[in-house]
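Notes to accompany the following structure.
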Amino acid sequence: MKRRISALFIFFCSCINVFAGDTREKDYILILNSINFNEAWANNLYQEVLADVSSEKIEVRAEELLIPMIKTLEEADLKKADLSRKYTKPPKAVVCIGDPAWLLCRSLFDREWKDVPTVICFSRDSMPSRLEDLLLGDLNNEVEFVPTEEMIRSYNVTILKQPSFIKEMVELMQGLLPGMNKVAFISDGRYISSMIRKEVRQVINESFPYLQLDLLSSQEITTESLLDSLMLYDERVGVIYYSWFMGRQQGDNRYLGDNLQRIIYGFSKSPVFTLSEMDMNTGTFAGGYFISSSEFGQTVVAAVKEILSGKAARDIPVQNGGEPRAYLNYHHLEHHGVKPDLFPQDAVYYQMPLDFFQRYKIYFVIAIAVIILFGALILMRFHLLLQRQKQKTREYQLLSQYRCLVDNMPVIYVRKQLLTDKEGHISDFIFLDVNSTFENVFKTTREQVVGKRLSEADVDNQLLDYMMDKESGRLASFVFPGEGNETRYFDKLTFPSTEKGVWDVFFIDRTDEYFASLASREHQRSLERLNRQYALVLDATGLIPWTWDLRKHTVEYNIAYISNQYIEEGSDQKIMSEADSQSRVYPDDRELIQKAYDDLLEGRVDVIKEEYRASFSIKDPVYYWFESFVIVGERDESGRPSMLVGGSIIIDDRKKLEMDLVKAKEQAEISNHLKSAFLANMSHEIRTPLNAIVGFSNVLAETVDEEEKKEYIQIIESNNTLLLQLIGDILDLSKIEAGVFEFVYSKVNLNLLLVEMEQTARLRLKNDAVSVEFTERLPECTIYSDANRLMQVMNNLITNAIKFTKKGYIRFGYRMLDDEKIYFFVSDTGCGIPADKTREVFGRFVKLNPFQQGTGLGLSICESIVVRLGGEIGVNSVEGEGSTFWFTLPKNSC
């Protein structure tokens, strides 16, 4: 069912591609299957690529080529034309399942899909050299086979092999079938089946000559004859099933089907093995020794991802699709009478019978859960009883300590029973209890007041009258008679008891606190004034005050006074750990800060003043420059620092200004140096041709011989030309540096321009041993650029090639590099450039051969022009073999 759903999904995707054409601009990967996706390994490979590669930016498309149904080259051309029509936009990568898919579409990779990276899966070591031999299917000894790596050499292709491990397969069968004397190999008439049959025959003849081999092919026998043969075989015949694809008719559509594998299970007395993964979960086959489709699919996915990341397919080494091992179906082998003690230990098994624990696992889990639950209930019950016992013990202890606690409280305590009149108003109360503080204050005893009404008690009522109401939290003053009539202040707290009408009243003496508060108010106002002044100073300076508690290992700081441009949200005060504080410091500055703190803690310095970089955030750090001042704020009993006090100021603007000043100074020094070097080079370069002109002009005036005069005149003209070129190059370079170099853009016909340059170069060429050719071009290409500057660059590169090429050729041209760039080149067979000098040649006044004429400015000007035109320039060279100077320009219209 799962395979049918996958096949329907692939068919649905193919239908969408047919009707929609290539209207979507989205990039895609194309999977070309030589046959169809009915086979498990082909379908699994497609699902692996679809799951791991498909995304919003790139999709995976698939095509079933049904190559065994194609018999003529005309039918093959129709299939390729259909692919070209559906996929006008070349895919980002192509995955071919089987060599036939690539052989059929090979011509597409010569034209429409040129240089498209391709991965060939399940590839063999050799292929038929002609497509018609593959289509005929008769791969006899007269068919010419070519090594696969030689066939793909000129293409952007890599190979993932799926070898047929036939020898290992037969050895595995011998271990499971000890009496095996014959091997029956079942295959069809496809190309790949023919290749496998040859390998099977060769392996049996070379490694197992004592085994008889029956090759059962759909080309020679019918399906009914095959099933009859299987029924006649005994248990000593090892059966290997490869495939039994048959071409059939269904309506007007031709299709391939391999339905034999669904029924072969019941016709063979011995296990049916396979050379590749086929329905391992159903028990149809016994399995075999091969690379699993899942592992092969992951290898394909890895290769495709490398290609999508920019790596060329040809740079991915040829490799197997994974590591082979034995994959066996336990149920199939057991059903066909194979003893379990013959099963290899290192194989991967499917449909393994469950062991005792697996069969009864759920019962074990339920029993353990019940035991744990029962134990938990017992523990909870025991814990509850223990808690109750502790609660009772605690209550007894509290009751015994209550009396002692009340008597020793430094407050006046009264427990009273309120009395009300007929209207419900409080009229009096009865003393239920008092403490020793009450007795001392009112000069009475507990026995004299407990049980009496307030109106009957023999005590001063002035304070006790305050107990009549139930309001709490009022501060009241009372005058105690005696010496000086002392006034004291009490705070009243009233709490209802659990008994109705009973209240507990506490009088707390607040006299000292009252007078202390009066003194502290003035102190508080003074502190507030200082704090305002402190805040104004911090706000004006942007200082971050902080303290470092060395005992608690915490740093407390205040960032309320810095600008909001440094932090998104600030709080008045924050606390962080030492590790957090240190991690905010820029890594390169941590050692400096740590050394400064060590000096302060060890007493080597009294004050730290350091500049460093730090961030307010750890997650997304943005580093600013800080200047910090730190001193020891507190010390412990042994004199060691216990608290550091410091302040930090953000000096980012100041540091940037300092850096700008340093850069300006360095730039001025570099500019002065370059000016001196430029003047020195200019003096030398101008003096050289000028000396020749002056010297030979003097000699010319005294020379009588006409031949010598001509030679001297030629030297003077050559140095005149060199001097004019030098002045022109210097003027161009000056205009480029000043930004006044003119660029006039227009439509440029590249073919016409380069043909003219070819003719001009041939006229300048004086050496018959060297040829100049315009070799590579597009049929038509017009770009929007500056024709004069483009000609200046090409002319300079061709002139240099003529100088340094004594024999061979000079070739130049252009081609499309991608959809956005045009690649120009000038190649020669000259002296070449050492590898370590390839970048130096674009410098000013650089001449690798000091005896060769030239100013050493041409390539520097070329680089400046190409950069201004929006491209880049470079050189590839091998010393003694030649050089290729190239540059790219953006494609505006072509």
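In terms of mature numbering (1 follows the signal peptide of the UniProt record, and there is no 0), the sequence shown is residues -20 to -1, 1 to 874. Every residue gets a Cβ at the ideal spot worked out from N, C-alpha and C, and that includes glycine. Quick caveat: nothing in here was measured; it's all calculated off a predicted structure.
Query                                                                                                               : Result
Endpoints, beta strand (DSSP E) assigned at Ala781                                                                  : Careful: Ala781 lies outside any beta strand (DSSP E), inside the alpha helix (DSSP H) at Ala767 to Phe784.
Given Arg634 as reference, the closest of Asp616, Val610, Tyr592 and Leu115 once Cα atoms are compared              : Tyr592
For Ile524 and Gly627, believed in contact at Cβ under 8 Å, the rounded distance                                    : 6 Å
Nearest-angstrom Cα separation, counted from Arg242 out to Asn233                                                   : Because the pLDDT of Asn233 is 40, which lies under 50, any placement of that residue in the model is unreliable, and the question is left without a value.
Beta carbon of Phe276 nearer than 8 Å to that of Gly302                                                             : yes
Simplified DSSP state of Trp528, which is helix, strand or coil                                                     : strand
Proximity winner among Arg216, Ile296, Ser250 and Tyr221, relative to Asp259 (alpha-carbon distances)               : Tyr221
Three-state secondary structure assigned by DSSP to Ile166                                                          : strand
Identified DSSP bridge partners for Cys76                                                                           : Leu12 and Ile100
C-alpha distance - Asp471 paired with Ile488, whole-angstrom precision                                              : 5 Å
Terminal residues of the beta strand (DSSP E) in which Thr254 lies                                                  : Val252 to Thr254
Reduced DSSP secondary structure (H/G/I, E/B, other) of Gln241                                                      : helix
In chain order, each alpha helix (DSSP H) run of at least 4 residues that lies wholly inside the segment 168 to 202 : 171 to 187
Nearest to Ser198 (by Cα), restricted to the options Met211, Phe225 and Gln325                                      : Phe225
Test item: CB-CB of Val855 and Ile790 under 8 Å                                                                     : no
Those residues which DSSP pairs with Pro127 across a bridge                                                         : Ser106
Run of the beta strand (DSSP E) containing Asp863, from where it starts to where it stops                           : Looking at the sequence shown, residue 863 is not Asp but Ser. Residues Gly862 to Pro870.
Assigned secondary structure, Pro621 (DSSP; H/G/I helix, E/B strand, else coil)                                     : strand
Pro669 versus Ile696, Glu686, Leu255 and Asn23, residue with shortest Cα-Cα distance                                : Ile696
Cβ-Cβ distance between Val99 and Val280 below 8 Å                                                                   : yes
Sub-8 Å separation of Ala266 and Asn300 beta-carbons                                                                : no
Member of Ile406, Phe865, Arg426 and Thr785 whose CA lies at the smallest distance from the CA of Asp413            : Arg426
Backbone secondary structure at Leu680 - three-state DSSP                                                           : helix
For Lys249, the nearest candidate out of Leu255, Ser272, Ser256 and Val217 (CA to CA)                               : Val217
Counterpart residues of Lys589 in DSSP-defined beta bridges                                                         : Phe609
Buried versus exposed, by CB contacts within 10 Å (16 or more), Ile813                                              : buried
Backbone secondary structure at Ala42 - three-state DSSP                                                            : strand
Element boundaries [beta strand (DSSP E), containing Gly838]                                                        : No beta strand (DSSP E) contains Gly838, which is instead part of the alpha helix (DSSP H) from Gly838 to Arg848.
Candidates Leu191, Leu196, Pro158 and Lys341: closest to Ile176 by CA position                                      : Leu196
CB contact flag (Tyr26, Ile11, <8 Å)                                                                                : yes
Counterpart residues of Val735 in DSSP-defined beta bridges                                                         : DSSP lists no partner for Val735.
Minimum length 4: unbroken alpha helix (DSSP H) runs contained in the segment 408 to 438                            : 416 to 422 and 426 to 429
Sequence-distant residues of its chain with Cβ nearer than 7 Å to Ser167 (five each side left out)                  : Ser173, Ile176, Arg177, Ser197, Tyr222 and Ser223
Option nearest Thr52 by Cα separation, candidates Met771, Leu398, Leu116 and Pro333                                 : Leu116
Proximity of Ile845 and Gln772 at Cβ, strictly below 8 Å                                                            : yes
Beta-carbon separation (whole angstroms), Val137 vs Ala293, contact threshold 8 Å                                   : 6 Å
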